[in-house]
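In what follows, a single structure is set out as C-alpha coordinates and then discussed.
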Amino acid sequence: MESLSGIDFFVRAAETRSFSEAGRALGISSSAVGKSVARLEERLGVRLFHRSTRSITLTAEGTLFLERCRRILCEVEAAELELSETRKAPRGKLRVSLPLVADLVMPTLMAFMRRYPSIELDLDFSDRLVDIIEEGFDAVIRTGEPNDSRLMSRPLGAFKLVVVGSPRYFAEHGTPQVPADLLRHACLLYKFPSTGRLQVWPVNGEGQSDLNLPATLVCNTTEALLYVVRDALGIACVPDFTVRDAIVAGELVTVLDEFNRHQSTFRMLWPSSKHLAPKLRVFIDFMSSELFK
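In this note's numbering, each residue carries its 1-based index in the sequence shown increased by 435.
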(Lines of atoms letter the chains of each structure in order from A and count residues from 1; the text may use other names and numbers.)
(Lines give C-alpha, C1' and ligand atoms only; values in the text may rest on other atoms or scores of the structure.)
Protein backbone atom coordinates (compact mmCIF):
# COMPACT_ATOMS: atom_id res chain seq x y z
CA MET A 1 0.00 0.00 0.00
CA GLU A 2 2.94 2.34 0.65
CA SER A 3 4.06 1.73 -2.94
CA LEU A 4 0.59 2.61 -4.22
CA SER A 5 0.45 5.82 -2.19
CA GLY A 6 3.89 6.74 -3.52
CA ILE A 7 2.63 6.20 -7.07
CA ASP A 8 -0.45 8.33 -6.35
CA PHE A 9 1.72 11.14 -4.96
CA PHE A 10 4.02 10.93 -8.00
CA VAL A 11 1.10 11.12 -10.47
CA ARG A 12 -0.44 14.11 -8.66
CA ALA A 13 2.91 15.93 -8.65
CA ALA A 14 3.49 15.12 -12.34
CA GLU A 15 0.04 16.41 -13.34
CA THR A 16 0.28 19.62 -11.32
CA ARG A 17 4.05 20.14 -11.86
CA SER A 18 4.20 21.13 -8.20
CA PHE A 19 4.73 19.31 -4.89
CA SER A 20 2.75 22.01 -3.06
CA GLU A 21 -0.23 21.80 -5.47
CA ALA A 22 -0.17 18.00 -5.22
CA GLY A 23 -0.10 18.26 -1.43
CA ARG A 24 -3.11 20.57 -1.39
CA ALA A 25 -5.05 18.18 -3.63
CA LEU A 26 -4.13 15.21 -1.42
CA GLY A 27 -4.60 17.02 1.90
CA ILE A 28 -0.96 16.62 3.01
CA SER A 29 2.09 18.85 3.14
CA SER A 30 4.30 19.53 0.14
CA SER A 31 7.29 18.10 2.04
CA ALA A 32 5.41 14.82 2.54
CA VAL A 33 4.84 14.61 -1.22
CA GLY A 34 8.48 15.44 -1.90
CA LYS A 35 9.76 12.84 0.56
CA SER A 36 7.43 10.18 -0.86
CA VAL A 37 8.65 10.88 -4.40
CA ALA A 38 12.27 10.81 -3.18
CA ARG A 39 11.72 7.38 -1.58
CA LEU A 40 10.16 6.17 -4.83
CA GLU A 41 13.15 7.45 -6.82
CA GLU A 42 15.52 5.73 -4.42
CA ARG A 43 13.64 2.45 -4.70
CA LEU A 44 13.59 2.65 -8.52
CA GLY A 45 17.15 3.89 -8.80
CA VAL A 46 16.24 6.69 -11.24
CA ARG A 47 15.40 10.39 -11.01
CA LEU A 48 11.78 11.09 -11.92
CA PHE A 49 11.83 14.90 -11.73
CA HIS A 50 14.19 17.72 -12.53
CA ARG A 51 13.89 20.06 -9.54
CA SER A 52 14.50 23.79 -9.29
CA THR A 53 13.51 26.39 -6.68
CA ARG A 54 10.47 27.34 -8.77
CA SER A 55 9.22 24.24 -10.49
CA ILE A 56 9.57 20.54 -11.20
CA THR A 57 9.58 18.87 -14.61
CA LEU A 58 9.54 15.21 -15.56
CA THR A 59 12.70 13.48 -16.69
CA ALA A 60 12.55 11.09 -19.65
CA GLU A 61 12.28 8.21 -17.18
CA GLY A 62 9.56 10.07 -15.27
CA THR A 63 7.50 10.56 -18.44
CA LEU A 64 7.71 6.84 -19.21
CA PHE A 65 6.86 5.90 -15.62
CA LEU A 66 3.89 8.31 -15.53
CA GLU A 67 2.06 6.46 -18.30
CA ARG A 68 2.48 3.14 -16.45
CA CYS A 69 1.41 4.63 -13.13
CA ARG A 70 -1.79 6.05 -14.57
CA ARG A 71 -2.68 2.62 -15.86
CA ILE A 72 -1.93 1.08 -12.46
CA LEU A 73 -4.16 3.57 -10.64
CA CYS A 74 -6.91 3.04 -13.20
CA GLU A 75 -6.71 -0.73 -12.63
CA VAL A 76 -6.87 -0.25 -8.85
CA GLU A 77 -9.89 2.05 -9.17
CA ALA A 78 -11.62 -0.42 -11.48
CA ALA A 79 -10.91 -3.33 -9.12
CA GLU A 80 -12.27 -1.44 -6.12
CA LEU A 81 -15.40 -0.38 -7.96
CA GLU A 82 -16.07 -3.86 -9.30
CA LEU A 83 -16.06 -5.17 -5.73
CA SER A 84 -18.50 -2.54 -4.52
CA GLU A 85 -22.09 -1.57 -5.08
CA THR A 86 -20.97 1.25 -7.38
CA ARG A 87 -20.96 -1.32 -10.18
CA LYS A 88 -24.76 -0.95 -10.09
CA ALA A 89 -24.60 2.84 -9.75
CA PRO A 90 -21.37 4.12 -11.40
CA ARG A 91 -20.02 7.32 -9.91
CA GLY A 92 -17.03 9.66 -10.02
CA LYS A 93 -15.55 12.25 -12.39
CA LEU A 94 -15.23 11.44 -16.08
CA ARG A 95 -12.92 13.71 -18.08
CA VAL A 96 -13.73 13.68 -21.79
CA SER A 97 -12.33 15.60 -24.78
CA LEU A 98 -14.73 16.23 -27.68
CA PRO A 99 -14.61 18.01 -31.05
CA LEU A 100 -16.45 21.30 -31.52
CA VAL A 101 -19.80 19.64 -32.27
CA ALA A 102 -21.92 20.54 -29.25
CA ASP A 103 -25.15 20.44 -31.28
CA LEU A 104 -24.49 16.79 -32.09
CA VAL A 105 -23.31 15.48 -28.72
CA MET A 106 -25.08 17.58 -26.08
CA PRO A 107 -28.54 15.97 -26.36
CA THR A 108 -26.97 12.54 -25.85
CA LEU A 109 -24.73 13.80 -23.04
CA MET A 110 -27.72 15.31 -21.24
CA ALA A 111 -29.55 12.00 -21.55
CA PHE A 112 -26.47 10.32 -20.06
CA MET A 113 -26.50 12.80 -17.16
CA ARG A 114 -30.13 11.96 -16.42
CA ARG A 115 -29.40 8.22 -16.55
CA TYR A 116 -26.24 8.42 -14.38
CA PRO A 117 -26.59 11.40 -12.01
CA SER A 118 -23.69 10.23 -9.82
CA ILE A 119 -21.17 10.63 -12.65
CA GLU A 120 -19.63 14.09 -12.94
CA LEU A 121 -18.76 15.02 -16.55
CA ASP A 122 -15.72 17.25 -17.14
CA LEU A 123 -15.99 18.16 -20.85
CA ASP A 124 -13.27 19.79 -22.95
CA PHE A 125 -14.41 20.90 -26.42
CA SER A 126 -11.48 21.40 -28.80
CA ASP A 127 -10.48 20.68 -32.38
CA ARG A 128 -6.87 19.96 -31.43
CA LEU A 129 -5.54 16.41 -31.21
CA VAL A 130 -5.13 15.89 -27.47
CA ASP A 131 -2.80 13.31 -25.92
CA ILE A 132 -5.36 11.33 -23.96
CA ILE A 133 -2.81 9.63 -21.69
CA GLU A 134 -0.39 12.50 -21.12
CA GLU A 135 -3.22 14.98 -20.48
CA GLY A 136 -5.17 12.65 -18.21
CA PHE A 137 -8.41 12.22 -20.15
CA ASP A 138 -10.60 9.20 -19.51
CA ALA A 139 -11.86 9.20 -23.09
CA VAL A 140 -11.89 11.29 -26.25
CA ILE A 141 -14.27 11.50 -29.19
CA ARG A 142 -12.56 12.20 -32.50
CA THR A 143 -12.88 11.52 -36.22
CA GLY A 144 -10.72 9.28 -38.39
CA GLU A 145 -8.90 6.03 -37.81
CA PRO A 146 -7.03 5.38 -34.52
CA ASN A 147 -3.24 5.13 -34.87
CA ASP A 148 -2.10 4.80 -31.24
CA SER A 149 -1.51 1.25 -30.03
CA ARG A 150 -1.97 2.40 -26.42
CA LEU A 151 -5.64 3.16 -27.05
CA MET A 152 -8.82 1.15 -27.50
CA SER A 153 -11.57 2.49 -29.77
CA ARG A 154 -15.21 2.00 -30.73
CA PRO A 155 -17.03 3.61 -33.69
CA LEU A 156 -19.93 5.89 -32.74
CA GLY A 157 -21.32 6.73 -36.18
CA ALA A 158 -20.51 8.03 -39.66
CA PHE A 159 -20.99 11.47 -41.18
CA LYS A 160 -20.01 13.42 -44.30
CA LEU A 161 -19.36 17.00 -45.27
CA VAL A 162 -21.95 18.55 -47.59
CA VAL A 163 -22.08 21.80 -49.57
CA VAL A 164 -25.28 23.66 -48.73
CA GLY A 165 -27.07 26.88 -49.52
CA SER A 166 -30.56 28.33 -49.26
CA PRO A 167 -33.09 27.97 -52.11
CA ARG A 168 -33.20 31.79 -52.31
CA TYR A 169 -29.44 32.02 -52.81
CA PHE A 170 -29.48 29.49 -55.65
CA ALA A 171 -32.49 31.18 -57.24
CA GLU A 172 -30.56 34.46 -57.30
CA HIS A 173 -27.08 33.17 -58.21
CA GLY A 174 -27.64 29.86 -59.97
CA THR A 175 -26.84 26.31 -58.81
CA PRO A 176 -23.27 24.95 -59.19
CA GLN A 177 -23.29 21.99 -61.59
CA VAL A 178 -19.58 21.08 -61.40
CA PRO A 179 -16.91 21.90 -58.77
CA ALA A 180 -15.33 24.62 -60.93
CA ASP A 181 -18.60 26.57 -60.74
CA LEU A 182 -17.83 27.28 -57.08
CA LEU A 183 -15.23 29.82 -58.20
CA ARG A 184 -18.11 32.12 -59.21
CA HIS A 185 -20.00 31.82 -55.92
CA ALA A 186 -19.87 33.41 -52.47
CA CYS A 187 -18.04 30.73 -50.48
CA LEU A 188 -18.17 30.76 -46.68
CA LEU A 189 -15.10 28.99 -45.36
CA TYR A 190 -14.50 27.24 -42.04
CA LYS A 191 -11.17 27.88 -40.26
CA PHE A 192 -9.92 25.38 -37.67
CA PRO A 193 -9.52 27.34 -34.39
CA SER A 194 -6.34 25.63 -33.16
CA THR A 195 -4.38 25.73 -36.45
CA GLY A 196 -5.91 28.49 -38.54
CA ARG A 197 -6.04 26.07 -41.47
CA LEU A 198 -8.97 26.36 -43.86
CA GLN A 199 -11.16 23.30 -44.34
CA VAL A 200 -10.89 21.80 -47.81
CA TRP A 201 -14.21 21.24 -49.57
CA PRO A 202 -14.30 17.57 -50.66
CA VAL A 203 -15.90 18.16 -54.07
CA ASN A 204 -12.98 18.48 -56.45
CA GLY A 205 -13.48 16.41 -59.59
CA GLU A 206 -11.51 13.26 -60.29
CA GLY A 207 -7.93 14.10 -61.22
CA GLN A 208 -8.50 17.74 -60.26
CA SER A 209 -6.49 19.52 -57.58
CA ASP A 210 -8.22 21.21 -54.64
CA LEU A 211 -9.99 24.39 -55.70
CA ASN A 212 -8.73 27.75 -54.50
CA LEU A 213 -12.15 28.95 -53.43
CA PRO A 214 -13.00 32.65 -53.19
CA ALA A 215 -13.69 33.61 -49.58
CA THR A 216 -16.67 35.83 -48.87
CA LEU A 217 -16.41 34.94 -45.18
CA VAL A 218 -13.90 33.00 -43.07
CA CYS A 219 -15.10 31.85 -39.66
CA ASN A 220 -14.04 29.38 -36.95
CA THR A 221 -17.52 28.23 -35.92
CA THR A 222 -19.99 26.26 -38.02
CA GLU A 223 -22.93 27.86 -36.23
CA ALA A 224 -21.94 31.33 -37.45
CA LEU A 225 -21.46 30.08 -41.02
CA LEU A 226 -24.98 28.64 -41.02
CA TYR A 227 -26.48 31.96 -39.93
CA VAL A 228 -25.03 33.50 -43.09
CA VAL A 229 -26.09 30.56 -45.26
CA ARG A 230 -29.69 30.80 -44.07
CA ASP A 231 -29.73 34.50 -44.94
CA ALA A 232 -28.84 33.65 -48.59
CA LEU A 233 -25.46 35.41 -48.44
CA GLY A 234 -23.39 32.41 -49.58
CA ILE A 235 -22.81 28.67 -49.50
CA ALA A 236 -20.79 26.60 -47.03
CA CYS A 237 -19.37 23.12 -46.51
CA VAL A 238 -20.50 21.68 -43.18
CA PRO A 239 -21.06 18.29 -41.49
CA ASP A 240 -24.36 16.76 -42.59
CA PHE A 241 -25.65 16.34 -39.02
CA THR A 242 -25.59 20.14 -38.53
CA VAL A 243 -28.07 20.74 -41.38
CA ARG A 244 -30.14 17.54 -41.46
CA ASP A 245 -33.27 19.15 -40.00
CA ALA A 246 -32.94 22.27 -42.17
CA ILE A 247 -32.68 20.11 -45.30
CA VAL A 248 -35.75 18.08 -44.34
CA ALA A 249 -37.64 21.34 -43.73
CA GLY A 250 -36.58 22.69 -47.14
CA GLU A 251 -34.69 25.62 -45.61
CA LEU A 252 -31.38 24.46 -47.12
CA VAL A 253 -30.41 22.22 -50.03
CA THR A 254 -27.20 20.37 -50.89
CA VAL A 255 -25.32 20.71 -54.17
CA LEU A 256 -22.56 18.79 -55.98
CA ASP A 257 -23.45 15.59 -54.12
CA GLU A 258 -22.26 13.42 -57.01
CA PHE A 259 -18.77 14.93 -56.67
CA ASN A 260 -18.63 14.58 -52.89
CA ARG A 261 -15.90 12.16 -51.85
CA HIS A 262 -16.05 12.69 -48.09
CA GLN A 263 -16.88 10.04 -45.49
CA SER A 264 -15.69 9.99 -41.90
CA THR A 265 -16.43 8.28 -38.60
CA PHE A 266 -16.67 9.52 -35.04
CA ARG A 267 -14.88 7.20 -32.62
CA MET A 268 -14.57 6.89 -28.86
CA LEU A 269 -10.98 6.27 -27.74
CA TRP A 270 -9.71 5.43 -24.25
CA PRO A 271 -6.50 4.08 -22.66
CA SER A 272 -6.07 0.33 -23.09
CA SER A 273 -6.86 -1.59 -19.90
CA LYS A 274 -7.99 -5.09 -18.99
CA HIS A 275 -10.61 -3.66 -16.64
CA LEU A 276 -12.62 -0.54 -17.37
CA ALA A 277 -13.89 1.58 -14.50
CA PRO A 278 -17.70 1.24 -14.39
CA LYS A 279 -18.17 4.97 -15.03
CA LEU A 280 -16.16 4.69 -18.26
CA ARG A 281 -17.77 1.43 -19.32
CA VAL A 282 -21.31 2.82 -19.11
CA PHE A 283 -20.23 6.03 -20.88
CA ILE A 284 -18.77 4.11 -23.82
CA ASP A 285 -21.79 1.83 -24.08
CA PHE A 286 -24.28 4.70 -23.81
CA MET A 287 -22.60 6.97 -26.38
CA SER A 288 -22.07 4.18 -28.90
CA SER A 289 -25.72 3.12 -28.73
CA GLU A 290 -27.38 6.55 -28.49
CA LEU A 291 -25.31 9.20 -30.30
CA PHE A 292 -26.39 8.37 -33.85
CA LYS A 293 -29.63 6.63 -32.93
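Don't be surprised by glycine CBs; every beta carbon is placed ideally from N, CA and C.
Note that the structure is predicted; figures quoted are calculated from it, not measured.
Exercise. Pull up the DSSP beta-bridge partners for phenylalanine 444, would you.
Key: For the purposes of this step, residue 444 is taken as residue 9 along the sequence shown, with counting starting at 1. DSSP, once it has assigned bridges, lists no residue as partnering phenylalanine 444.
Quiz item: Whose CA, out of Phe605, Leu617 and Val613, lies closest to the CA of aspartate 666?
Solution: The sequence position of residue 666 within the sequence shown is 231, counting from 1. The shortest Cα separation from aspartate 666 among Phe605, Leu617 and Val613 belongs to Phe605.
Quiz item: Residues in its own chain within less than 8 Å of arginine 505 by CB, not counting five upstream and five downstream?
Solution: To locate residue 505, count along the sequence shown from 1; it is residue 70. Cβ within range, chain order: Val446, Ile568, Gly571 and Pro706.
Quiz prompt | Alpha carbon of arginine 589 to alpha carbon of asparagine 655, nearest angstrom | solution = Stepping through the sequence shown from its first residue, residue 589 is reached at position 154. Stepping through the sequence shown from its first residue, residue 655 is reached at position 220. Cα to Cα, the separation comes out at about 28 Å.
Quiz item: leucine 591 lies in the beta strand (DSSP E); which residues open and close that run?
Solution: Here residue 591 refers to the residue found at position 156 when the sequence shown is read from its first residue. For leucine 591, the uninterrupted beta strand (DSSP E) segment begins and ends at 586-594.
Quiz item: Where does valine 597 sit, in a helix, a strand or coil, going by DSSP?
Solution: By 1-based counting over the sequence shown, the position of residue 597 is 162. Residue state, collapsed to three classes: strand.
Quiz item: What span of residues does the alpha helix (DSSP H) with aspartate 557 cover, start to end?
Solution: Reading the sequence shown from its first residue, position 122 is the one you call residue 557. Segment 554-560 is the beta strand (DSSP E) holding aspartate 557; no alpha helix (DSSP H) there.
Quiz item: Applying the criterion that 16 or more other CB atoms from any shown protein chain within 10 Å of the CB defines a buried residue, is valine 613 buried or exposed?
Solution: On the sequence shown, position 178 is the one that residue 613 refers to. With fewer than 16 other Cβ atoms from the protein chains shown falling within 10 Å of its own Cβ, valine 613 counts as exposed.
Quiz item: Between the beta-carbon of asparagine 695 and the beta-carbon of proline 611, is there less than 8 Å?
Solution: Position 260 of the sequence shown, counted from the start, is the residue given in the question as residue 695. Position 176 of the sequence shown, counted from the start, is the residue given in the question as residue 611. For asparagine 695 and proline 611, no; Cβs fall outside 8 Å.
Quiz item: From which residue to which residue does the beta strand (DSSP E) around leucine 704 run?
Solution: Translated into positions along the sequence shown, residue 704 becomes position 269. That run of the beta strand (DSSP E) goes 699-706.
Exercise. Note down, in chain order, each residue of its chain lying with its Cβ closer than 7 Å to the Cβ of alanine 546, except the 5 sequence neighbours on either side.
Key: Here residue 546 corresponds to residue number 111 of the sequence shown, with the count starting at 1. These residues qualify, in order along the chain: Glu725.
Exercise. Provide the residue(s) that pair with cysteine 654 in DSSP beta bridges, ordered along the chain.
Key: Locating residue 654 in the sequence shown gives position 219, where the first residue counts as 1. Paired residues: Tyr625.
Practice problem: Please state if the CB of phenylalanine 444 and the CB of valine 468 are separated by a distance shorter than 8 Å. | Solution: The sequence position of residue 468 within the sequence shown is 33, counting from 1. The sequence position of residue 444 within the sequence shown is 9, counting from 1. Yes; because the gap between Cβ atoms is below 8 Å, this pair is in contact.
Quiz item: Roughly how far, in whole angstroms, is the beta-carbon of phenylalanine 676 from the beta-carbon of leucine 539, given that I think they are within contact range, below 8 Å?
Solution: Counting from one through the sequence shown, the residue named residue 676 turns up at place 241. Counting from one through the sequence shown, the residue named residue 539 turns up at place 104. Phenylalanine 676 to leucine 539, Cβ: 5 Å. Contact.
Self-check item: Pairwise C-alpha distance: alanine 671 and serine 465
Solution: Counting from 1 along the sequence shown, the entry for residue 465 is found at position 30. Counting from 1 along the sequence shown, the entry for residue 671 is found at position 236. CA-CA distance, serine 465 to alanine 671, rounds to 54 Å.
Quiz item: Is DSSP giving histidine 620 helix, strand or coil here?
Solution: As a position in the sequence shown, residue 620 is number 185, starting the count at 1. Correct three-state label for histidine 620: coil.
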